[in-house]
Amino acid sequence: MSSDNVGLNKAAIIERCIRRMREEYGADSTLSVPTHLDALVLNIERACQAAIDLAMHIVSKEHLGMPQSSAEAFKLLQKAGKLDGPLAVRLSGMTGFRNIAIHQYQDIDLDIIHWIMAEGWLDLVAFCEALELRIKP
């Protein structure tokens with residue numbers, strides 16, 4: 000995979016994951032069926048990881064700094080003028096959700112899942128658009 004394809008591939012992963020998230024949430028918006036909830040959380044986690052990977056790739060490719068954390072990569076993109084402040088803050092917060100999903104699944108707050116499905120997923124779309132990567136989830 001060439002460096003130019005990394006962005007396209009990560010955006011495609013985000014697009015695919017958002018579609019799956021919406022399918023799973025549509026099938027069980029009460030989050031009461033463990034199979035749907037597991038699939039939903041897994042796809043949220045994958046979308047978050049793809050966004051983190053994309054941010055890290057751009058920071059590295061464009062020599063924007065040395066992020067000490069996943070969240071810092073979004074802050075460096077903001078500093079470089081690639082993301083607006085509020086979006087960078089929300090994407091930085093997304094890394095915290097990803098960590099909880101990976102390491103402490105039983106502690107996931109279902110209200111956060113509902114928020115992600117109501118509006119949080121749009122931040123992933125906005126992130127791709129800010130990087131001139133169009134997706135159609």
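For the sequence shown, numbering that gives the first Met the number 0 begins at 0 and goes up steadily by one. Note that beta-carbon positions come from the ideal geometry of N, C-alpha and C, so glycine has one too.
Alpha-carbon spacing of residue i relative to residue j, whole angstroms
i    : j    : result
L128 : I51  : This sequence places Glu at residue 128; Leu is not what is there. The straight-line gap from Cα to Cα measures roughly 15 Å.
I99  : M55  : 20 Å
G139 : T34  : Any property of residue 139 remains undetermined from this structure, which presents the chain solely from 0 to 136.
K135 : H102 : 30 Å
D27  : R21  : 10 Å
R19  : L121 : 14 Å
K78  : G95  : 20 Å
L41  : H62  : 31 Å
Beta-carbon proximity check, residue i vs residue j, cutoff 8 Å
i    : j    : result
R97  : Q48  : yes
A72  : V88  : no
I43  : I115 : yes
G84  : L53  : no
L39  : I112 : yes
F126 : L90  : yes
For residue i, the nearest candidate out of the options (CA to CA)
i    : options        : result
A46  : G119, G95, C16 : C16
S143 : A79, L63, M93  : With the chain running from 0 to 136 in the structure shown, residue 143 is simply not present.
L30  : M65, G95, D108 : D108
L123 : G95, D106, L86 : L86
Cβ-based neighbour list, residue i, same chain, cut-off 8 Å, excluding 5 preceding and 5 following
i    : result
K81  : I57, A129, L130
V32  : A26
D106 : I99
Nonlocal neighbours in the same chain, by C-beta distance under 6 Å from residue i, ignoring five residues either side
i   : result
A10 : C127, L132, I134
E23 : H35, A38, L39
Cβ neighbours of residue i in the same chain (closer than 7 Å, five flanking residues each side left out)
i   : result
G64 : V58, L75
**Message:** Quick check for students: name the residue ranges of the alpha helix (DSSP H) that lie wholly in the segment 61–132, counting only runs of 4 or more.
**Reply:** 69–78, 84–102, 109–114, 120–129
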